[in-house]
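Asker: One structure, pasted below without further comment.
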Amino acid sequence: MKRSTSMDDDSILPTSIHSSSNLLTRTTIREANNHLQMLYTHNQELKQIVNEQKIIIEQKDFEYNKLLKSNKAVERHCQQLQALLDDRTRRLYVYERKEVLFRETFKLKPAMELLLDILNTYEKVDNTSLSIPMNTKPLQFVQASDKKNNNDDDDVTCQINAV
Numbered sequence: 029m030k031r032s033t034s035m036d037d038d039s040i041l042p043t044s045i046h047s048s049s050n051l052l053t054r055t056t057i058r059e060a061n062n063h064l065q066m067l068y069t070h071n072q073e074l075k076q077i078v079n080e081q082k083i084i085i086e087q088k089d090f091e092y093n094k095l096l097k098s099n100k101a102v103e104r105h106c107q108q109l110q111a112l113l114d115d116r117t118r119r120l121y122v123y124e125r126k127e128v129l130f131r132e133t134f135k136l137k138p139a140m141e142l143l144l145d146i147l148n149t150y151e152k153v154d155n156t157s158l159s160i161p162m163n164t165k166p167l168q169f170v171q172a173s174d175k176k177n178n179n180d181d182d183d184v185t186c187q188i189n190a191v
């Protein structure tokens, strides 16, 4: 409720109050009203700033939650890729071991063929010296077929067949 300080209000006051102290009181009241008006205006400005900052914080919270979800999705994808990498690393290690065995076996192929020739020679000699022939077919080195085995511990196999 705003009070006016017009001259009509002065008529209500007794004449003894119309002194210089009365002028100071009116000035003080005006200053107080001005000060209250400034405080009210400043309070309204602060409320507006608080509301604006609240909206900004809500937007940032929304963006943060969106980034958090995105980060979790990327993290899951990274874990899946790491599991895939670990699996392929294990497979590569198994294949490297098999490749080493294959190379070592392949290096021994000439020695095995020579051994077969020697065994065939001795078998021919034994067959000619025996009166009862056993097996007249010579031994021969046969490479392993291209059959796929399902286990991881595939070994290179060699067969020796009688020809």
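One rule links them: number in the numbering used here = place in the sequence shown (from 1) + 28.
From the three backbone atoms N, C-alpha and C, an ideal C-beta is built for every residue, glycine too.
Could you tell me whether any Cβ in chain B is nearer than 7 Å to the Cβ of THR55?
Answerer: Going by chain labels, chain B is absent from the structure shown, which holds only one protein chain.
Asker: Hey, is ASN155 close to the ligand HEM, as in C-beta under 6 Å from one of its heavy atoms?
Answerer: Absent from the structure shown: the ligand HEM. Ligands present: none.
Asker: What number of angstroms, rounded off, separates the C-alpha of GLU103 from the C-alpha of LYS94?
Answerer: Taking the first residue of the sequence shown as position 1, residue 103 is located at position 75. Taking the first residue of the sequence shown as position 1, residue 94 is located at position 66. Whole-angstrom Cα-Cα distance: 14 Å.
Asker: Return the chain-ordered ranges of every beta strand (DSSP E) run that is complete within the region 61–147 and spans a minimum of 3 residues.
Answerer: Taking only runs of at least 3 residues, no beta strand (DSSP E) segment lies wholly in the region 61–147.
Asker: Roughly how many angstroms separate the alpha carbons of LYS126 and SER98, rounded to a whole number?
Answerer: Here the question's residue 126 lines up with position 98 in the sequence shown. Here the question's residue 98 lines up with position 70 in the sequence shown. Cα-Cα distance, rounded: 42 Å.
Asker: Rounding to the nearest angstrom, what Cα-Cα distance links ASN61 and LEU67 in this structure?
Answerer: In the sequence shown, residue 61 corresponds to position 33, counting from 1. In the sequence shown, residue 67 corresponds to position 39, counting from 1. Spanning the two alpha carbons is a distance of roughly 10 Å.
Asker: Within a Cβ cutoff of 6 Å, which residues of the same chain sit near HIS70, ignoring the five residues on either side of it in sequence?
Answerer: Position 42 of the sequence shown, counted from the first residue, corresponds to residue 70. None.
Asker: Nearest-angstrom Cα distance between HIS63 and GLN76?
Answerer: Translated into positions along the sequence shown, residue 63 becomes position 35. Translated into positions along the sequence shown, residue 76 becomes position 48. When rounded, the distance between both Cα atoms is 20 Å.
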